Amino acid sequence: MCGIVGFTGQVNALPILMKGLYSLEYRGYDSAGIAAFTGHGLEVVKTKGRIVNLEEKIREAGNPYSTCGIGHTRWATHGSPSDRNSHPHLGGPDGKVAVVHNGIIENYLFLRQQLEKHGYVFQSETDTETVAHLIDYLHTGRQEDLAQTVLKAVGLLRGSYALGVVSMADQQEIVAARRDNPLIIGLGEGENMIASDITAIISRTRKYIILDDNEVAVVRPDRVTVYNQLGDVVDKPVQEVSWDLSAAEKGGYAHFMLKEIMEQPRAVSDTVRPRIQDGHIMLEDSGLTDERLRSIEHIHIIACGSALHAGMVGRAVIEDLCRVRCEATVASEFRYSNPIISEKDLCIVISQSGETADSLAAMRQAQAAGAFTVAIVNVVSSSIAREADGVLYTWAGPEIAVATTKGYSAQLAALYLIAARTALARGLLGADQEAEICRDLLALPEGIRQALDCVKTMQCLASLYSNRSSVFYLGRGLDYAAGMEASLKLKEISYVHSEAYAAGELKHGTISLIEEGTLVVALATQERLFEKTVSNIREVASRGAEVILVTTDEFDGDASVCKSIIRLPTCPERFSASLSIIPLQLLAYYIAVERSCDVDKPRNLAKSVTVE
Ligand code: G6P
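Numbering (our numbering), first residue to last: 55 to 666.
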């Protein structure tokens, strides 16, 4: 989704802004632009398409020199991706103000109509241009500084925003503001930055401040001042980035996605190990005390995308181990469905980025209804992490590829920890079983490492099947949930249509789509369901499907109709989704490579979805 970077200091801002924009590419975007103070005033260069196109335009503009500017990658919401709709947007008839914006201004139409009555002429279809003109309107002719005007302006906005604003009135200053959209301020020596995430500042500084909702910051080379809604100065704690730059680089891999797939053993190990001490699962610091876990009546898991798929696996494991009712719900549905929540409920919000707008809103709703909320989040100090009642961090490290892999695997591990601790607290597991589960969880990274050995096989299968127009994933129970994630991976990055189906449900409609040569990936990791899934495999094979079976070493069913069998290393059934996804991430990856897709930055998708 949209990205913001801004720099003010003593050196040329343009290369810094460009580097920042490149590091934000992973969030997903369709156009990019910058605004900077140069010898010609406030210059804007922007374009539809990739950042290389922007670089080209900046070269054509003579590589202007500037020590202060703002940049943006846009993911279109209001108005198609085009040069005109790209950010930054200029405010006022003479373009003295420039604005970059992430989020959606919901009352933009009303404001636009009012501003048009005052003679403002709009160049774009965006909601953002309204903010630029509004700031100009409120600023013009008044003896107040830009920050005061921005405070007034944001008071008139409905919706969500992270804003970077510059004005000709002070060519060293950037004003930043935020509501429901992340924004940080990077603190350097004689220079400071604004950014929508850490990757954009880390090459220059590791120190940063997190702007909170409704705050406005004035960022100058030598100082940063943050104001609250009332205009009072706020003292902000300085944070330090805990990972180093190499974590956000490809490290010799062709794509971030492949690197991140390979990093999964470490991601899971780093998530599990700190939580297991002397053979015990420790979650108390996340607010998940045994007392609380004992009294829970209902568990809601709320998430979007892959995080929801992790939640679906978690739901099955929790219900199986803990015998407590658990639902996994799409956050965007949860928030508008008048959900039944009580004070005895636990709400688990899962989010890699910790910034997903729907997940954040659903969590707030659950909190307001009195539920205890615990967040499974990867990005430290993200909005969901800060607002949840308790946090269980996944330590996957920065995830750059839009399609999540290691983030998802770490989420599964975190859910297993919660499931096991809950079962222990409720007396459903004894000390011996706790020791066994701890051993199993600690062995999971090695199981994933062994599962990764199928990399060459999956590459071969990808070259065989990359030309298929439709792929189906079949499975039951945990395998169905894993199939949902496998299917999402494939369609996200290779643009091949695919669907995951509960294996027994296929014949109630979707089987009509199976024809000669259709690829079906069947998952069978639960022994008691082997035979059932075999029947479903035969149903599709006899209608012409070519079947890849992903199963375990224990599988002894009839797989004679399958074109290929991938055997997973041995692991307890309840954790099998952590292994079965590995070959299928690789399959999706290599099919996307075969089809020459932009694996790390698939079209139309965003890594961090900060709008509804
Ligand atoms: C986007 C990403 C998905 C991700 C989902 C939820 O759609 O493309 O990969 O699963 O958001 O993101 P979150 O950060 O909340 O896990």
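Positions of the beta carbon are idealized from the N, C-alpha and C atoms, including for glycine. Computed from a prediction, not measured in an experiment: that's the story for all the values here.
Residue i versus residue j: straight-line alpha-carbon distance, rounded
{"i": "residue 333", "j": "residue 489", "result": "6 Å"}
{"i": "residue 521", "j": "residue 615", "result": "21 Å"}
{"i": "residue 406", "j": "residue 389", "result": "19 Å"}
{"i": "residue 439", "j": "residue 452", "result": "15 Å"}
{"i": "residue 152", "j": "residue 225", "result": "11 Å"}
{"i": "residue 367", "j": "residue 359", "result": "13 Å"}
{"i": "residue 84", "j": "residue 288", "result": "36 Å"}
{"i": "residue 126", "j": "residue 396", "result": "42 Å"}
{"i": "residue 456", "j": "residue 415", "result": "22 Å"}
{"i": "residue 188", "j": "residue 331", "result": "56 Å"}
{"i": "residue 176", "j": "residue 663", "result": "27 Å"}
{"i": "residue 585", "j": "residue 566", "result": "23 Å"}
{"i": "residue 129", "j": "residue 90", "result": "21 Å"}
{"i": "residue 494", "j": "residue 634", "result": "16 Å"}
Proximity below 9 Å, CB of residue i to CB of residue j
{"i": "residue 376", "j": "residue 482", "result": "yes"}
{"i": "residue 513", "j": "residue 644", "result": "yes"}
{"i": "residue 666", "j": "residue 386", "result": "yes"}
{"i": "residue 356", "j": "residue 369", "result": "no"}
{"i": "residue 473", "j": "residue 461", "result": "no"}
{"i": "residue 119", "j": "residue 93", "result": "yes"}
{"i": "residue 598", "j": "residue 571", "result": "yes"}
{"i": "residue 426", "j": "residue 408", "result": "no"}
{"i": "residue 60", "j": "residue 154", "result": "yes"}
{"i": "residue 641", "j": "residue 544", "result": "yes"}
{"i": "residue 532", "j": "residue 384", "result": "no"}
{"i": "residue 262", "j": "residue 234", "result": "no"}
{"i": "residue 623", "j": "residue 505", "result": "yes"}
{"i": "residue 98", "j": "residue 169", "result": "no"}
{"i": "residue 577", "j": "residue 476", "result": "no"}
{"i": "residue 517", "j": "residue 550", "result": "no"}
{"i": "residue 632", "j": "residue 322", "result": "yes"}
beta-carbon residue i near the ligand G6P non-hydrogen atom, thresh 8 Å
{"i": "residue 659", "result": "yes"}
{"i": "residue 653", "result": "no"}
{"i": "residue 283", "result": "no"}
{"i": "residue 665", "result": "no"}
{"i": "residue 552", "result": "no"}
{"i": "residue 185", "result": "no"}
{"i": "residue 173", "result": "no"}
{"i": "residue 321", "result": "no"}
{"i": "residue 79", "result": "no"}
{"i": "residue 454", "result": "no"}
{"i": "residue 405", "result": "yes"}
{"i": "residue 361", "result": "yes"}
{"i": "residue 408", "result": "yes"}
{"i": "residue 546", "result": "yes"}
{"i": "residue 523", "result": "no"}
{"i": "residue 476", "result": "no"}
Three-state class that DSSP yields for residue i in the structure shown
{"i": "residue 356", "result": "strand"}
{"i": "residue 90", "result": "strand"}
{"i": "residue 143", "result": "strand"}
{"i": "residue 447", "result": "strand"}
{"i": "residue 389", "result": "coil"}
{"i": "residue 215", "result": "strand"}
{"i": "residue 188", "result": "helix"}
{"i": "residue 630", "result": "coil"}
{"i": "residue 293", "result": "strand"}
{"i": "residue 119", "result": "coil"}
{"i": "residue 79", "result": "helix"}
{"i": "residue 492", "result": "helix"}
{"i": "residue 262", "result": "strand"}
Requested in this report: Please go through the segment 500 to 538 and give each complete beta strand (DSSP E) segment of 3 or more residues, from N-terminal end onward.
Outcome: As far as the segment 500 to 538 is concerned, its whole beta strand (DSSP E) runs of at least 3 residues are 524 to 529.
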